[in-house]
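With my numbering, letter number 95 in the sequence shown gets 497, and the count goes up by one each step, no holes.
Report on one structure; see the data block that follows.
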Amino acid sequence: MPRLAVLTLAAATVLSGPALAFQPLIQLEVRPTSAPATFEVIESRGAGPAHIWCVAADHARHALGATGTQRLDVIAALGASQTKPGSKAVTFTLNAADSAATNSLTPGMLGGLLLSVRTDGASMSVVQAQQYCTDHIDLP
């Protein structure tokens, strides 16, 4: 009987995977700043630019109600956190304008070849940033 319970639990775990599809591999803390629609993503546990952009997009969609075509702009590149002393963070703002006509990476993204959080002014649409979340899903 215990073997059947273990197999049932294992099957349930495997089958529940798709329900967790939108969680980034590394959970990062998001902290609001004093400006509206502006927040910091706190760097930790070896997170790279893809993780940071993913978490920023997730926060913009779920906490701020952003549409996919709105843009996320880096207003303070990776550096000392304004909200969590002793930590590094990237400060983003959600641009209220719809970016459907300009759905591309900015020059701040190093020509579109390298993803960066080290350049003020880097920008991309929320839906583009969300695509970095899928890079970290374990598919069966």
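Heads up, the beta-carbon is just placed ideally off N, CA and C, and yes, glycines get one too.
- Counted as a single uninterrupted DSSP element, the beta strand (DSSP E) harbouring Ala479 occupies residues Gln472 to Ala482.
- Non-local C-beta neighbours of Gln532 in its own chain, meaning closer than 6 angstroms and more than five positions away in sequence, comprise Ala459, ordered along the chain.
- It is roughly 11 angstroms from the alpha-carbon of Glu431 to the alpha-carbon of Val492.
- Selection Ser446, Ala468 and Ala498 evaluated against Ser483 yields Ser446 as nearest (Cα-Cα).
- Val443: member of the beta strand (DSSP E) spanning Thr440 to Ile444, first to last residue.
- For the set Leu466, Leu480 and Val528, the Cα lying nearest the Cα of Pro434 is the one of Leu466.
- CA-CA distance, Gly481 to Ala437, rounds to 18 angstroms.
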